[in-house]
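To start, the structure under review is shown below, and the notes come after it.
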Amino acid sequence: MIIDPNQIDPRTGYQLLIGSIVPRPIAWVSTIATDGTHNLAPFSFFMGVTANPPTLAISSGLRRGAGKKDTLVNAESSGELVVNVVVEEIEQQMNISSAEFPPEVDEFKEAGLTPIPSVKVRAPRVAESPINIECQVKQVVYVGNEGSQSGLIIAEALLWHIRDDLLTPQNTIDVSKLHAIGRLSGNWYTRTRDLYEIARPTNQSFNTKSGSS
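Those letters in the sequence shown? Residues 14 to 226, by this note's numbering.
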């Protein structure tokens with residue numbers, strides 16, 4: 014089957030994207046509105062961008078006929094956000110926070126979560142999440158055709174909060190203890206308990222001096 018995105022409607026294109034790009038990590042983003050209201054919502058169009066400085070990107074789609082989502086509004090107005098990692102133990106609370114609540118509603122309260130102060134930003138952290146990343150918004154880039162636009166939030170990590178048992182002596186995160194979940198398509202998610210390693214090949218393995226492209 015060959016599908017030309019120019020020959021299908023945007024909804025079908027979206028379904029093909031979320032079914033092809035799997036699994037996707039979930040950025041559970043907490044922000045604060047200009048009136049002080051806490052906001053919390055999950056986004057699976059999420060990726061790391063560069064390590065120096067540590068930078069990540071989150072794509073927030075605009076709601077048809079309703080404009081920007083609260084997360085995008087708050088990220089632009091405050092210039093700050095926190096990315097909280099979603100693990101199995103809090104997957105149901107994450108799902109509750111994905112509902113389209115009005116701007117005046119605090120998703121922390123709706124989901125029964127505990128907001129705790131951050132150190133470098135005003136946005137609160139999710140106490141129940143084992144990893145929180147305090148971030149400063151560097152840029153928002155709008156991508157897409159009218160009616161299907163998304164705001165790509167590019168943010169620099171300012172501070173990590175990591176549960177003690179997850180950090181190894183080598184300053185890596187023990188993913189076998191993290192139990193993060195990932196997003197698939199539809200209502201499907203995946204767990205990260207079935208782990209295995211594949212050692213990267215060396216140049217000598219191929220008898221060549223060329224590196225990665």
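Backbone N, C-alpha and C define an ideal beta-carbon position, used for all residues, glycine too. These numbers were taken from a predicted model, which means no experiment stands behind them.
Over the uninterrupted beta strand (DSSP E) stretch that includes residue i, give me the two end residues.
{"i": "residue 151", "result": "144-156"}
{"i": "residue 74", "result": "67-74"}
{"i": "residue 132", "result": "Element bounds for residue 132: n/a, residue is neither H nor E."}
{"i": "residue 59", "result": "59-64"}
{"i": "residue 164", "result": "163-175"}
{"i": "residue 53", "result": "51-56"}
{"i": "residue 42", "result": "40-45"}
{"i": "residue 203", "result": "202-204"}
{"i": "residue 196", "result": "194-196"}
Count the other C-beta atoms from every protein chain shown that fall within 10 angstroms of the C-beta of residue i, then say buried if there are 16 or more, exposed otherwise.
{"i": "residue 84", "result": "buried"}
{"i": "residue 134", "result": "buried"}
{"i": "residue 41", "result": "buried"}
{"i": "residue 62", "result": "exposed"}
{"i": "residue 107", "result": "buried"}
{"i": "residue 159", "result": "exposed"}
{"i": "residue 45", "result": "buried"}
{"i": "residue 124", "result": "buried"}
{"i": "residue 87", "result": "buried"}
{"i": "residue 210", "result": "exposed"}
{"i": "residue 142", "result": "buried"}
{"i": "residue 150", "result": "buried"}
{"i": "residue 216", "result": "exposed"}
{"i": "residue 73", "result": "buried"}
{"i": "residue 156", "result": "exposed"}
{"i": "residue 21", "result": "exposed"}
{"i": "residue 164", "result": "buried"}
Let's see if you can read the secondary structure: which residues bound the alpha helix (DSSP H) around residue i?
{"i": "residue 213", "result": "Looking at the DSSP string, residue 213 is not in any alpha helix (DSSP H), and its letter there is neither H nor E."}
{"i": "residue 100", "result": "Element bounds for residue 100: n/a, residue is neither H nor E."}
{"i": "residue 26", "result": "23-33"}
{"i": "residue 191", "result": "188-191"}
{"i": "residue 87", "result": "83-91"}
{"i": "residue 114", "result": "Where residue 114 is concerned, there is no enclosing alpha helix (DSSP H), given that its DSSP letter is neither H nor E."}
Can you give me the Cβ contacts of residue i inside the same chain, cut-off strictly under 7 Å, excluding the 5 residues immediately before and after it?
{"i": "residue 130", "result": "137"}
{"i": "residue 218", "result": "none"}
{"i": "residue 189", "result": "208"}
{"i": "residue 26", "result": "18"}
{"i": "residue 132", "result": "147 and 172"}
{"i": "residue 90", "result": "47"}
{"i": "residue 101", "result": "192, 194 and 204"}
{"i": "residue 114", "result": "120 and 123"}
Considering only residues of the same chain and omitting the five flanking positions on each side of residue i, which have a CB-CB separation below 6 Å?
{"i": "residue 66", "result": "169"}
{"i": "residue 104", "result": "194"}
{"i": "residue 175", "result": "144"}
{"i": "residue 128", "result": "51, 121 and 137"}
{"i": "residue 55", "result": "39, 41, 107 and 111"}
{"i": "residue 71", "result": "40, 56, 59 and 166"}
Between residue i and residue j, which are expected to be in contact by the criterion C-beta below 8 Å, what is the C-beta distance as a whole number of angstroms?
{"i": "residue 166", "j": "residue 153", "result": "5 Å"}
{"i": "residue 95", "j": "residue 43", "result": "5 Å"}
{"i": "residue 39", "j": "residue 213", "result": "26 Å between Cβ atoms; not a contact."}
{"i": "residue 53", "j": "residue 162", "result": "The Cβ separation is near 23 Å, so there is no contact."}
Looking at residue i and the ligand MG, is the gap between the Cβ and the nearest heavy atom below 7 Å?
{"i": "residue 124", "result": "The ligand MG is absent from the structure shown, which contains no ligand whatsoever."}
Once you ignore the five residues that flank residue i on each side, which residues in its own chain have a CB closer than 8 Å to its CB?
{"i": "residue 182", "result": "none"}
{"i": "residue 180", "result": "186 and 187"}
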